[in-house]
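Residue numbers (full-length UniProt numbering): 1 to 301.
Glycine included, every Cβ here is placed at the ideal spot set by N, Cα and C.
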Amino acid sequence: MTAQEWRPADHIAARQVWPKKLPSFSGKPRDWPKFYSYFVESTKACALSPAENMARLEECLTGPARDSVEGWLDCPTSVPLVIKTLKRLYGRPSLVVKDLLDKVRRIPAPRPEQLDELITFGLAVLHLCHHFNNADLAQYLSNPELLDDLEISARGDERRYSIAAAHTVDQLSLPNRQINFPSLISSYDYLQDVPVERDEEEVPRILIGLENVDLMTPLETRSGQPGQPIAVKTVLGWAIYGPHQTTTTSRQPMMSNVHCITTTRDEQHPQLPPARQQVNEESDVVLNEMLRQYFTLEEAT
Numbered sequence: 001m002t003a004q005e006w007r008p009a010d011h012i013a014a015r016q017v018w019p020k021k022l023p024s025f026s027g028k029p030r031d032w033p034k035f036y037s038y039f040v041e042s043t044k045a046c047a048l049s050p051a052e053n054m055a056r057l058e059e060c061l062t063g064p065a066r067d068s069v070e071g072w073l074d075c076p077t078s079v080p081l082v083i084k085t086l087k088r089l090y091g092r093p094s095l096v097v098k099d100l101l102d103k104v105r106r107i108p109a110p111r112p113e114q115l116d117e118l119i120t121f122g123l124a125v126l127h128l129c130h131h132f133n134n135a136d137l138a139q140y141l142s143n144p145e146l147l148d149d150l151e152i153s154a155r156g157d158e159r160r161y162s163i164a165a166a167h168t169v170d171q172l173s174l175p176n177r178q179i180n181f182p183s184l185i186s187s188y189d190y191l192q193d194v195p196v197e198r199d200e201e202e203v204p205r206i207l208i209g210l211e212n213v214d215l216m217t218p219l220e221t222r223s224g225q226p227g228q229p230i231a232v233k234t235v236l237g238w239a240i241y242g243p244h245q246t247t248t249t250s251r252q253p254m255m256s257n258v259h260c261i262t263t264t265r266d267e268q269h270p271q272l273p274p275a276r277q278q279v280n281e282e283s284d285v286v287l288n289e290m291l292r293q294y295f296t297l298e299e300a301t
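Right, dumping it as structure tokens:
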């Protein structure tokens, strides 16, 4: 129901439902969205007069918020000025976001051995995102301040490195390669003392792009003959990549699936029969989904 559709009977009924008092507000930016939303919605629903609103503001404002508008609280016509001043001082999006982020940052970082801490931290992040969405601040979920704060480290290393302009995708469709590390290491003498994590079932979950090329700068290399893998040490640890001869000596041919869909348009009958139209629409959906999955990695660049 819009403001134009409210009837006197509706306002009377709303006054029986809405609490008469506003939420207490002392000037904390994180409390501003709740306070402001309640003030606006209750005023609209109950058709409150300036005098009624001023009485509510007189009762709910405390601390710095009250001090900043103290001189206007005796005049009902000053209600718009009071709200405008409070919004300028405590309701600016940048202030609200900073206060909410500071609240989350004060929560101790979760430790792997304490799952309860991980749950607590995860709930705090969920509440933060929910708050942003409800307060029309969703654009701040991808602001540079959050992106710049992402850090990465090598396993077992206390040093942290910043990741610039990090992005997330719903599904990172990287292949789950079954690698037999003992066989790989034992096959080459120059790899014998390379310390690598032997997680054969590990699925890649992060891509490091050229924006962070400094994290991939080779500090030390181990290489053999042409056609053999090479080991590279970076600030994030050792990585082994390149060809590895297995029981199969011949290279498997590359296979590509090409799906062609041809649509025709009859000039005399521009409207396709419902059956053919449905087939074309279903084919488009299938093709679009295949392309979306194929180019998932492009979303991370």
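Proximity winner among 93, 89, 67, 55, relative to residue 79 (alpha-carbon distances): Against the sequence shown, residue 79 aligns to sequence position 79. Of the listed residues, the one whose Cα sits closest to residue 79 is 55.
Element boundaries [alpha helix (DSSP H), containing residue 32]: Here residue 32 is taken as the residue at index 32 of the sequence shown, counted from 1. Element bounds for residue 32: 32–46.
Which of helix, strand or coil does DSSP assign to residue 240? Here residue 240 refers to the residue found at position 240 of the sequence shown. Strand.
Can you round the beta-carbon distance between residue 125 and residue 104 to whole angstroms, since I take them to be within the 8 Å contact cut? Here residue 125 corresponds to residue number 125 of the sequence shown, with the count starting at 1. Here residue 104 corresponds to residue number 104 of the sequence shown, with the count starting at 1. About 7 Å separates the two Cβ atoms, so the contact holds.
Secondary structure of residue 153, DSSP reduced to three states: As a working mapping, residue 153 is identified with position 153 in the sequence shown. Coil at residue 153, not helix or strand.
Please classify residue 28: does DSSP put it in a helix, a strand, or coil? The residue you call residue 28 lines up with position 28 of the sequence shown. Looking at residue 28 - three-state DSSP - the assignment turns out to be coil, as it is neither helix nor strand.
Should residue 100 go down as buried or exposed, given a rule of 16 or more other Cβ atoms within 10 Å for buried? Walking along the sequence shown from the start, residue 100 turns up at place 100. Residue environment for residue 100: buried (at least 16 other C-beta atoms within 10 angstroms of its C-beta).
How big is the Cα-Cα spacing for residue 130 and residue 189? Working through the sequence shown from its first residue, we reach residue 130 at position 130. Working through the sequence shown from its first residue, we reach residue 189 at position 189. Roughly 54 Å between the two C-alpha positions.
Close-in-space but distant-in-sequence residues of the same chain around residue 243 (CB under 6 Å, 5 per side omitted): Mapped onto the sequence shown, residue 243 falls at position 243. 227, listed in sequence order.
How about residue 89 and residue 73: are their beta carbons less than 9 Å apart? As a first step, residue 89 is located in the sequence shown; it is residue number 89 there, counting from the start. As a first step, residue 73 is located in the sequence shown; it is residue number 73 there, counting from the start. Not in contact: residue 89 and residue 73 (Cβ atoms no closer than 9 Å).
Nearest neighbour of residue 181, chosen from 207, 233, 240, 215 [CA to CA]: Looking up residue 181 in the sequence shown gives position 181. Checking every option, the nearest Cα to that of residue 181 belongs to 240.
Taking just the CA atoms, how far does residue 209 sit from residue 232? As a position in the sequence shown, residue 232 is number 232, starting the count at 1. As a position in the sequence shown, residue 209 is number 209, starting the count at 1. For residue 232 and residue 209, the distance between alpha carbons rounds to 17 Å.
Per DSSP, what kind of secondary structure is residue 66 in: helix, strand or coil? Residue mapping note: residue 66 aligns to position 66 of the sequence shown, counting from 1. The answer is helix: DSSP assigns residue 66 an H, G or I state.
DSSP three-state assignment for residue 15, whether helix, strand or coil: Within the sequence shown, residue 15 is the residue found at index 15, counting from 1. Looking at residue 15 - three-state DSSP - the assignment turns out to be helix.
Pick from 121, 237, 213, 134: whose alpha carbon is nearest that of residue 220? To locate residue 220, count along the sequence shown from 1; it is residue 220. Ranking 121, 237, 213, 134 by Cα distance to residue 220 puts 237 first.
Our contact map puts residue 207 next to residue 234 with C-beta atoms below 8 Å; I'd like the distance itself, whole angstroms only. On the sequence shown, position 207 is the one that residue 207 refers to. On the sequence shown, position 234 is the one that residue 234 refers to. Their Cβ separation, rounded to whole angstroms, is 15 Å, which puts residue 207 and residue 234 out of contact at 8 Å.
Roughly how many whole angstroms lie between the Cα atoms of residue 31 and residue 57? Numbered from its first residue, the sequence shown carries residue 31 at position 31. Numbered from its first residue, the sequence shown carries residue 57 at position 57. Taking the straight line from one Cα to the other gives about 15 Å.
Tell me whether the beta-carbon of residue 121 lies closer than 9 Å to the beta-carbon of residue 112. In the sequence shown, residue 121 corresponds to position 121, counting from 1. In the sequence shown, residue 112 corresponds to position 112, counting from 1. Taking 9 Å as the Cβ cut-off, residue 121 and residue 112 do not qualify as a contacting pair.
Those runs of the alpha helix (DSSP H) which lie wholly inside the segment 58–135 and span at least 4 residues: 63–69, 79–90, 93–105, 115–134
Nearest residue (CA-CA) to residue 86, options 75, 97, 66: Walking along the sequence shown from the start, residue 86 turns up at place 86. If we check each option's Cα against that of residue 86, 66 comes out closest.
Would you give the residue range spanned by the alpha helix (DSSP H) that residue 185 belongs to? The residue labelled residue 185 in the question sits at position 185 within the sequence shown. Per DSSP, residue 185 belongs to the alpha helix (DSSP H) from 181–186.
How about residue 8 and residue 51: are their beta carbons less than 9 Å apart? To locate residue 8, count along the sequence shown from 1; it is residue 8. To locate residue 51, count along the sequence shown from 1; it is residue 51. At a Cβ-Cβ threshold of 9 Å, residue 8 and residue 51 do not count as neighbours.
Taking just the CA atoms, how far does residue 94 sit from residue 11? Looking up residue 11 in the sequence shown gives position 11. Looking up residue 94 in the sequence shown gives position 94. Computed Cα separation, rounded: 35 Å.
For residue 154, which residues from the same chain have a beta carbon less than 8 Å from its beta carbon, with the 5 sequence-adjacent residues on both sides left out? Residue mapping note: residue 154 aligns to position 154 of the sequence shown, counting from 1. For residue 154, where only same-chain residues beyond five positions count, the Cβ hits under 8 Å are 235, 236, 237.
So if DSSP puts residue 49 in a beta bridge, which residue, or which two residues, is it bridged to? Looking up residue 49 in the sequence shown gives position 49. Looking at the DSSP assignment, residue 49 forms no beta bridge with any residue, so it has no partner.
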